[in-house]
Amino acid sequence: MVNGVDEKADEVRKFFVDVMLGSLATHLRALGFDTEVGRITPQRPRGDRICISRNRALKNKVENLLLLSSERLEDQIMELKEHINITPRPGALFSRCLRCNSRLINASEEALQAVPEYIRVVHQGEIRFCEMCKRCYWPGSHRQHMEKKFKTWGLL
-10 MVNGVDEKAD EVRKFFVDVM LGSLATHLRA LGFDTEVGRI TPQRPRGDRI
40 CISRNRALKN KVENLLLLSS ERLEDQIMEL KEHINITPRP GALFSRCLRC
90 NSRLINASEE ALQAVPEYIR VVHQGEIRFC EMCKRCYWPG SHRQHMEKKF
140 KTWGLL
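First residue of the sequence shown? That's -10 in this note's numbering, and the numbers climb one at a time after it.
Okay, here's the thing in structure tokens:
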């Protein structure tokens, strides 16, 4: 169900995901979408973000609301795909911190000191860093697992 959302429009998507949908938010961030997480209320301004929730009480009370009915992550992704374009833009995949939503940058020599030496050698030039929460990311098994899910879901 979409309330005020321009379905299938191709502009860069920004989301505000209800706190009860944390796994969905993480996956949207991995796809490169600017995705904030919090409690959605009618009084809270969210700018130009599309709000995503399962809370039926918000129907007709929140603008740009997309209400999901599914509980499972895969089904939530399929519901989103029915209503809006969530195909990642080129270069956007894994460009945001999964924890805090900040854009990732290339890891500095100082940041690389927190990464095991083996990882630094194998993934030289591929390690990204979040300046906000100080986490490093590299194309390891966790990323491969997510990419496999994205392909299965028809997003890659």
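Don't be surprised by glycine CBs; every beta carbon is placed ideally from N, CA and C.
So for residue i, helix, strand or coil by DSSP?
i, result
"glutamate 68", "helix"
"leucine 55", "strand"
"serine 42", "strand"
"valine 8", "helix"
"lysine 48", "coil"
"phenylalanine 83", "coil"
"lysine 137", "helix"
"arginine 78", "coil"
"arginine 88", "coil"
"arginine 117", "strand"
What are the start and end residues of the beta strand (DSSP E) that includes residue i?
i, result
"glutamate 25", "23 to 27"
Keeping to the same chain, check which residues put their C-beta closer than 6 Å to that of residue i; ignore five residues upstream and five downstream.
i, result
"arginine 35", "Phe5"
"proline 77", "Leu20, Gly21"
"threonine 15", "Leu87"
"methionine 135", "Ala19"
First and last residue of the alpha helix (DSSP H) that includes residue i?
i, result
"valine 111", "106 to 111"
"glutamate 60", "First-last for glutamate 60: undefined, no H or E at that position."
"alanine 103", "Run containing alanine 103: none; DSSP gives neither H nor E here."
If residue i sits next to residue j, beta carbons under 8 Å apart, how far is it from one beta carbon to the other, in whole angstroms?
i, j, result
"isoleucine 39", "leucine 55", "6 Å"
"serine 91", "glutamate 115", "In fact, because the Cβ distance is near 18 Å, the residues do not count as touching under 8 Å."
"isoleucine 75", "leucine 144", "7 Å"
"lysine 179", "aspartate 23", "Any answer about residue 179 is impossible in this case: the structure gives the chain only from -10 up to 145."
"serine 58", "glutamate 71", "11 Å between Cβ atoms; not a contact."
"arginine 45", "aspartate 7", "Contact flag wrong, Cβ pair sits at about 12 Å."
Enumerate in chain order the residues of its own chain whose CB-to-CB distance from residue i is below 8 Å, with the five nearest sequence positions on each side excluded.
i, result
"serine 12", "Leu62"
"alanine 96", "Val104, Ile116, Arg117, Phe118, Cys125"
"tryptophan 142", "Glu63, Ile66, Met67, Lys70"
Grab me the residues of residue i's own chain with a C-beta within less than 7 Å of its C-beta, minus the 5 sequence neighbours each way, in chain order.
i, result
"cysteine 89", "Cys119, Met121, Cys122"
"glutamine 133", "none"
Give a yes or no on whether the minimum CB-CB distance between residue i and chain D is below 8 Å.
i, result
"phenylalanine 5", "In the structure shown, chain D does not exist; there is a single protein chain."
Problem - the region 124 to 143 contacting the region 95 to 106, beta-carbon criterion three pairs below 8 Å - result: A contact between stretches requires three or more CB pairs, one per stretch, nearer than 8 Å, and the region 124 to 143 meets this requirement with the region 95 to 106.
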